[in-house]
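Trainee:
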Amino acid sequence: DGGITQSPKYLFRKEGQNVTLSCEQNLNHDAMYWYRQDPGQGLRLIYYSQIVNDFQKGDIAEGYSVSREKKESFPLTVTSAQKNPTAFYLCASSMGAGTQYFGPGTRLLVL
Amino acid sequence: QQQVKQSPQSLIVQKGGISIINCAYENTAFDYFPWYQQFPGKGPALLIAIRPDVSEKKEGRFTISFNKSAKQFSLHIMDSQPGDSATYFCAASIGGGADGLTFGKGTHLIIQP
């Protein structure tokens, strides 16, 4: 089955801890994206990558970091600098311009 | 600065009726306008998308109407069904979305049986 997988489904973060969210796709897409969703706020772009070993900041990149070492993978790290990390995190991919396909999401909660 | 404004925030429609959700944008460089449907706890899924060179696009019961001069676009769901109950997001982008999408805040649609 082709698609996007995100893990874990739920993630708990303690104060001062960095956590990493996984995103993998087997659609052979060049571009990958991370969005954050808060209740009543829609989706906001955190980071995106159009090609391996290159990525750009989105609208709300502060407190987050990413890497793109492989075409299939685009992990997101929520650092301790992100003071309000509780949200639903969505990964997407596309061939570049055109339809973005979303994964099932990871819900991050703070202990 | 909210570049895509979506209304209403919530909407209740009777089964068989027409659901209408509206969006307005500010950036005239936007050239791709998709609509996404999201069920609770799931990722959004593309419903239908339009580019500004056409005024209307229809796919099954879903239609996008686009008014370039007014910088507005809307989603119409004909013969609304209880299974259509979900949150709907409009979005806009430059260059077809390669640099990411700008989303509206969403509309929570409930179709009453």
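So the sequences go chain by chain: U and R.
Using this note's numbering, the letters of the first sequence correspond one by one to residues 1 to 111.
Using this note's numbering, the letters of the second sequence correspond one by one to residues 1 to 113.
Note that CB positions come from ideal geometry on N, CA and C, so glycine has one too.
Assuming the contact rule is C-beta atoms closer than 8 angstroms, residue 47(U) and residue 56(U) should be a hit. Round their C-beta distance to whole Å, please.
Mentor: About 7 angstroms; that satisfies the 8 angstroms criterion.
Trainee: Using a beta-carbon distance below 8 angstroms, is residue 44(R) in contact with chain U?
Mentor: Residue 44(R) counts as touching chain U.
Trainee: Return the CA-CA distance between residue 81(U) and residue 61(U), expressed in angstroms with no decimal places.
Mentor: Cα-Cα distance, rounded: 11 angstroms.
Trainee: Out of 79(R), 61(R), 87(R), 49(R), which one is the CA nearest neighbour of residue 99(U)?
Mentor: Of 79(R), 61(R), 87(R), 49(R), the residue nearest in Cα terms is 49(R).
Trainee: Output yes or no for whether 8 angstroms exceeds the beta carbon distance between residue 6(R) and residue 23(R).
Mentor: Against a cut-off of 8 angstroms, the Cβ pair of residue 23(R) and residue 6(R) comes out as a contact.
Trainee: Under 8 angstroms, do residue 32(U) and residue 88(U) count as touching if we go by C-beta distance?
Mentor: Contact flag unset, no.
Trainee: Tell me which residue opens and which closes the beta strand (DSSP E) that residue 12(U) is part of.
Mentor: Here the beta strand (DSSP E) through residue 12(U) covers 10 to 13.
Trainee: Do you know how far the Cα of residue 14(R) is from the Cα of residue 66(U)?
Mentor: Roughly 45 angstroms separates the two Cα atoms.
Trainee: Roughly how many angstroms separate the alpha carbons of residue 64(U) and residue 40(R), rounded to a whole number?
Mentor: Cα to Cα, the separation comes out at about 25 angstroms.
Trainee: Relative to the C-alpha of residue 88(R), which candidate in 113(R), 42(R), 52(R), 17(R) has its C-alpha closest?
Mentor: Per the Cα distances, 42(R).
Trainee: Alpha carbon to alpha carbon, what distance is there between residue 31(R) and residue 92(R)?
Mentor: One C-alpha to the other measures close to 7 angstroms.
Trainee: Of all the beta strand (DSSP E) runs that stay within the bounds of the stretch 38 to 74 of chain U, which reach a length of 3 or more residues?
Mentor: Whole beta strand (DSSP E) segments, 3+ residues: 43 to 51, 54 to 57, 64 to 66.
Trainee: In whole angstroms, give me the CA-to-CA distance for residue 41(U) and residue 34(U).
Mentor: Cα to Cα, the separation comes out at about 15 angstroms.
Trainee: In whole angstroms, what is the alpha-carbon distance linking residue 26(R) and residue 10(R)?
Mentor: Cα-Cα distance, rounded: 22 angstroms.
Trainee: Take residue 56(R) as the anchor and find which of 100(R), 33(R), 17(R), 105(R) has the nearest alpha-carbon.
Mentor: Answer by Cα proximity: 33(R).
Trainee: If you follow the beta strand (DSSP E) that residue 87(R) is in, where does it begin and where does it stop?
Mentor: Segment 86 to 92, the beta strand (DSSP E) holding residue 87(R).
Trainee: Looking at chain U, which residues of the stretch 85 to 105 of chain R have a Cβ within less than 7 angstroms of any of its Cβ atoms?
Mentor: Against chain U - using a Cβ distance shorter than 7 angstroms - the residues of the stretch 85 to 105 of chain R are 89, 95, 96, 97, 98, 99, 100, 101, 103, 104, 105.
Trainee: Considering only the alpha carbon of each residue, which of 18(R), 29(R), 97(R) lies closest to residue 63(R)?
Mentor: Checking every option, the nearest Cα to that of residue 63(R) belongs to 18(R).
Trainee: By how many angstroms is the C-alpha of residue 90(R) removed from the C-alpha of residue 49(U)?
Mentor: Distance between the alpha carbons of residue 49(U) and residue 90(R) is about 22 angstroms.
Trainee: For residue 28(U), collect the residues of the same chain with a Cβ closer than 8 angstroms to its Cβ; drop the 5 residues on either side in sequence, then sort them by chain order.
Mentor: Closer than 8 angstroms at Cβ, skipping near neighbours: 71.
Trainee: From residue 77(R) to residue 105(R), what does the alpha carbon distance come to, in whole angstroms?
Mentor: Using only the alpha carbons, I get a separation of about 19 angstroms.
Trainee: Taking 8 angstroms as the cut-off, decide whether the C-beta atoms of residue 96(U) and residue 98(R) are in contact.
Mentor: A contact, by the Cβ cut-off of 8 angstroms.
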